[in-house]
Amino acid sequence: MPEIPLNNLKARREKLANLMPVNSAALILSAQQTHRNSDVEHKFRQNSSFWYLTGFNEPESAFLIIKTEKETLNYIFVRPKEKEKEIWTGYRSGPAGASQISGIEKSFLFSELKPQLEKLLGGLQHIYFDFGSENYATLGIEILELIRQKRIYQITSTQNLLAELRLFKENWEVEQIKIATQIAAKAHNLARQACQVDLYEYYLEGLIEGFFRQNNCNWAYPSIVAAGQNATILHYVENNSILKDKDLILIDAGCEYNYYAADITRTFPINGKFTIAQKEIYDLVLKAELEAIEESKIKNTTFEKVHEKAVLVLSTGLKDLKLLDGSLDEIIEEKKYRKFYMHRTGHWLGLDVHDIGSYLDKDGKSTVLKAGMLMTIEPGLYFDPQDESINEAFRGIGIRIEDDILITEIGSQNLTELAIK
Ligand code: GLY
Ligand code: MN
Ligand code: MN
Numbered sequence: 121m122p123e124i125p126l127n128n129l130k131a132r133r134e135k136l137a138n139l140m141p142v143n144s145a146a147l148i149l150s151a152q153q154t155h156r157n158s159d160v161e162h163k164f165r166q167n168s169s170f171w172y173l174t175g176f177n178e179p180e181s182a183f184l185i186i187k188t189e190k191e192t193l194n195y196i197f198v199r200p201k202e203k204e205k206e207i208w209t210g211y212r213s214g215p216a217g218a219s220q221i222s223g224i225e226k227s228f229l230f231s232e233l234k235p236q237l238e239k240l241l242g243g244l245q246h247i248y249f250d251f252g253s254e255n256y257a258t259l260g261i262e263i264l265e266l267i268r269q270k271r272i273y274q275i276t277s278t279q280n281l282l283a284e285l286r287l288f289k290e291n292w293e294v295e296q297i298k299i300a301t302q303i304a305a306k307a308h309n310l311a312r313q314a315c316q317v318d319l320y321e322y323y324l325e326g327l328i329e330g331f332f333r334q335n336n337c338n339w340a341y342p343s344i345v346a347a348g349q350n351a352t353i354l355h356y357v358e359n360n361s362i363l364k365d366k367d368l369i370l371i372d373a374g375c376e377y378n379y380y381a382a383d384i385t386r387t388f389p390i391n392g393k394f395t396i397a398q399k400e401i402y403d404l405v406l407k408a409e410l411e412a413i414e415e416s417k418i419k420n421t422t423f424e425k426v427h428e429k430a431v432l433v434l435s436t437g438l439k440d441l442k443l444l445d446g447s448l449d450e451i452i453e454e455k456k457y458r459k460f461y462m463h464r465t466g467h468w469l470g471l472d473v474h475d476i477g478s479y480l481d482k483d484g485k486s487t488v489l490k491a492g493m494l495m496t497i498e499p500g501l502y503f504d505p506q507d508e509s510i511n512e513a514f515r516g517i518g519i520r521i522e523d524d525i526l527i528t529e530i531g532s533q534n535l536t537e538l539a540i541k
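Position 175, counted from 1, in the sequence shown is what the working numbering calls 295; the numbers after and before it change by one each time, with no gaps.
This is the structure we're talking about:
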């Protein structure tokens, strides 16, 4: 993986320190290597915030930052170099290597974490630490005990601090994201080209994920390849059904490049031709998506207004198609549209596919969209196959269209336009 430029890492840590009060510390543990079964391990995936601040890609590591009146100090704790272990499971950087990669001079062994905390935490009033994470459960409790012994009574999650930083993407991050989105878009086009009746969903899954790997990417989340009524199951991941004539296929798949995620959904007819009902719903979802994208271009619009735009278009269309009764106001205010549109129109995107970042500002109002933010826009409509209250032609249709939208100084840019709609 390309390394994160040291200047970026240093600037991030400085911004983090600026958000912290004097006499506070933040402690972030790396991800842990997890077992899948027997002697088989899952592929290692670093904790996003730890990666963001250190650029260090090994398990059993920790990042510590301490801010006092006098100075701000950064520490990194990592595994030792151990020839025997490196023969079995690969290279370890050791403390010296970790310093080079992260630009953090003060590097120690991970086994030194508790004794160092014992020394360094005295006199602090506030610590940011996610002790509830499933990783390092025992260590988390031990550290918590130590924090109590040091009489640090203010313990808060690191999430809000990191959310503020990670919400705004640097130029270097945008470059990584553009690579991820291009590869993901091409994979979608490949699947569209290859799609035909009597293939199985897993064939297209394999094609897409094979393309990810051929381009030095992994999936950012397990691909959803959902033919026919499987598309009405929002988190369908079995991907084992046959593709039938006259059905649609919904593919929600995105890769991760250098840990930055793309997240794309496309829906199209398996045989290349929509039925009338499918076309009506597709056009409606597409209109909602395009209008929501237009909304994202408006200066100082909000996350919520983008959602409201999609809801307005979908609700109007559902009423016109006689799929919902009542006035438009009733459909929106009483949230009647949720029968067919039960999720939100988007989420932040970045190192995590559902990236951290607040959806509300300090006054509880919806976040204003600003240059550097990256979000998905992904309206959809889903009709229960068993819903006898609607015309049969609509039953079992599931359609979502999802693009990745970067907010810019002059509007917004669709990074996944390359994926055919
Ligand atoms: N692929 C996950 C999502 O669309 O939110
Ligand atoms: Mn999404
Ligand atoms: Mn998605």
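Ideal placement from N, C-alpha and C gives every residue a C-beta, glycine not left out. Quick caveat: nothing in here was measured; it's all calculated off a predicted structure.
Could you check where the alpha helix (DSSP H) with residue i kicks off and where it finishes?
i, result
"Asp445", "Here Asp445 belongs to no alpha helix (DSSP H), and DSSP marks it neither H nor E."
"His308", "291 to 314"
"Asn534", "From DSSP, Asn534 is part of no alpha helix (DSSP H) but of the beta strand (DSSP E) over 531 to 534."
"Val170", "Just to set this straight, residue 170 is Phe in the shown sequence, not Val. Here the alpha helix (DSSP H) through Phe170 covers 168 to 174."
"His427", "423 to 440"
"Gly217", "214 to 222"
"Val345", "Run containing Val345: none in the alpha helix (DSSP H); it sits in the beta strand (DSSP E), 344 to 347."
"Arg133", "126 to 139"
"Ser509", "First-last for Ser509: undefined, no H or E at that position."
"Leu567", "With the chain covering only 121 through 541, there is no way to say anything about residue 567."
"His209", "Checking the sequence shown, residue 209 turns out to be Thr, not His. Looking at the DSSP string, the run of the alpha helix (DSSP H) that includes Thr209 is 203 to 209."
On the DSSP letters alone, give me the boundaries of the beta strand (DSSP E) that residue i sits inside.
i, result
"Arg520", "518 to 520"
"Ile186", "182 to 187"
"Arg333", "Counting along the chain, Arg333 falls outside any beta strand (DSSP E), though it belongs to the alpha helix (DSSP H) covering 321 to 334."
"Leu149", "144 to 149"
"Asp524", "523 to 528"
"Thr496", "494 to 497"
"Ala513", "Note, Ala513: premise wrong, no beta strand (DSSP E); not H, not E."
"Leu233", "Per DSSP, Leu233 belongs to no beta strand (DSSP E); it is in the alpha helix (DSSP H), 233 to 240."
"Leu501", "500 to 502"
Let me check one thing: in DSSP terms, what residues is residue i bridge-paired to?
i, result
"Trp339", "Cys375"
"Glu161", "His155"
"Tyr195", "Leu184, Lys226"
"Ser486", "Leu480"
"Arg386", "Ile371"
"Tyr256", "Its beta-bridge partners do not exist; DSSP assigns none."
"Thr276", "Tyr248"
"Ala381", "Glu376"
"Ile362", "Tyr320"
For residue i, decide whether its Cβ has a neighbour in chain D, counting only Cβ atoms nearer than 8 Å.
i, result
"Leu184", "Among the chains in the structure shown there is no chain D, since it carries only a single protein chain."
Quick check on residue i: buried or exposed, where buried means 16 or more other Cβ atoms within 10 Å of its Cβ?
i, result
"Gln316", "exposed"
"Leu566", "No statement about residue 566 is possible, as the shown extent of the chain runs from 121 to 541 and does not include it."
"Thr188", "exposed"
"Gly243", "exposed"
"Asn167", "buried"
"Lys442", "exposed"
"Ser447", "exposed"
"Lys439", "buried"
"Gly466", "buried"
"Glu376", "buried"
"Asn385", "The question names Asn, but residue 385 is Thr in the sequence shown. Burial call: buried."
"Ala182", "buried"
"Trp208", "exposed"
"Tyr172", "buried"
"Thr258", "exposed"
"Thr328", "Reading off the sequence shown, one finds Ile at residue 328, where the question assumed Thr. Answer is buried; the Cβ neighbour count reaches 16."
"Arg333", "exposed"
"Leu199", "For clarity, residue 199 is Arg in the given sequence; the question names Leu instead. It is buried - the Cβ of Arg199 has at least 16 other Cβ atoms within 10 Å."
"Ile303", "buried"
"Gln398", "buried"
"Pro235", "exposed"
"Thr154", "exposed"
"Glu508", "exposed"
"Glu206", "exposed"
Does the distance between the C-beta of residue i and the nearest non-hydrogen atom of ligand 5 fall short of 7 Å?
i, result
"Thr278", "Of the ligands this structure carries, namely ligand 1, ligand 2 and ligand 3, none is ligand 5."
Evaluate contact between the segment 245 to 256 and the segment 140 to 160, counting only Cβ atoms and requiring at least three cross-stretch pairs below 8 Å.
-> yes
Pick out every residue whose C-beta is nearer than 6 Å to a heavy atom of ligand 2: which are they, in chain order?
-> Asp383, His467, Thr496, Glu498, Glu522
Is the segment 298 to 315 touching the segment 479 to 495, taking contact as three or more C-beta pairs under 8 Å?
-> no
Should the segment 447 to 462 be regarded as contacting the segment 518 to 536, the criterion being three or more beta carbon pairs within less than 8 Å?
-> no
Touch check for the segment 333 to 340 and the segment 351 to 358: three-plus C-beta pairs under 8 Å?
-> no
Could you say if the segment 375 to 388 and the segment 287 to 302 meet the contact criterion of at least three C-beta pairs nearer than 8 Å?
-> yes
For the segment 481 to 492 and the segment 418 to 427, state whether three or more C-beta atom pairs, one from each stretch, are separated by less than 8 Å.
-> yes
Touching by the beta-carbon criterion (3+ pairs, under 8 Å), the segment 263 to 271 and the segment 150 to 159 = no
Meets three-Cβ-pair contact criterion under 8 Å: the segment 499 to 506 and the segment 193 to 205 = no
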